[in-house]
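Using full-length UniProt numbering, the first residue of the sequence shown is number 1, and each one after it goes up by one.
Every residue, glycine too, gets a C-beta built ideally from N, C-alpha and C.
As structure tokens, the structure follows; a few thoughts come after it.
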Amino acid sequence: MEFIKHYWWVILILLLVGVLMNVYKDLKRIDPKKYMENKPDLPPHRDFNDKWDDEDDWPKKK
Numbered sequence: 001m002e003f004i005k006h007y008w009w010v011i012l013i014l015l016l017v018g019v020l021m022n023v024y025k026d027l028k029r030i031d032p033k034k035y036m037e038n039k040p041d042l043p044p045h046r047d048f049n050d051k052w053d054d055e056d057d058w059p060k061k062k
């Protein structure tokens, strides 16, 4: 227990290094070109701003 008490930061750094290595390996497996070729089409964006957007806040030009 004395070791953990004095060197908790070493264990934390080792865990952080392990997490970063796993993230790097997972990101290395991603092929962005293949994803862009097989990218799914997005549905059209639906917003309900058209109900209040009819009101014009800008002054009319003469």
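For residue i, three-class secondary structure by DSSP
i     : result
His6  : helix
Lys34 : helix
Met1  : coil
Asp26 : helix
C-alpha gap between residue i and residue j, whole angstroms
i     : j     : result
Lys5  : Glu37 : 52 Å
Val23 : Leu15 : 12 Å
Lys39 : Val17 : 32 Å
Met1  : Trp8  : 10 Å
Val10 : Phe3  : 10 Å
Lys28 : Pro43 : 29 Å
Tyr35 : Leu12 : 35 Å
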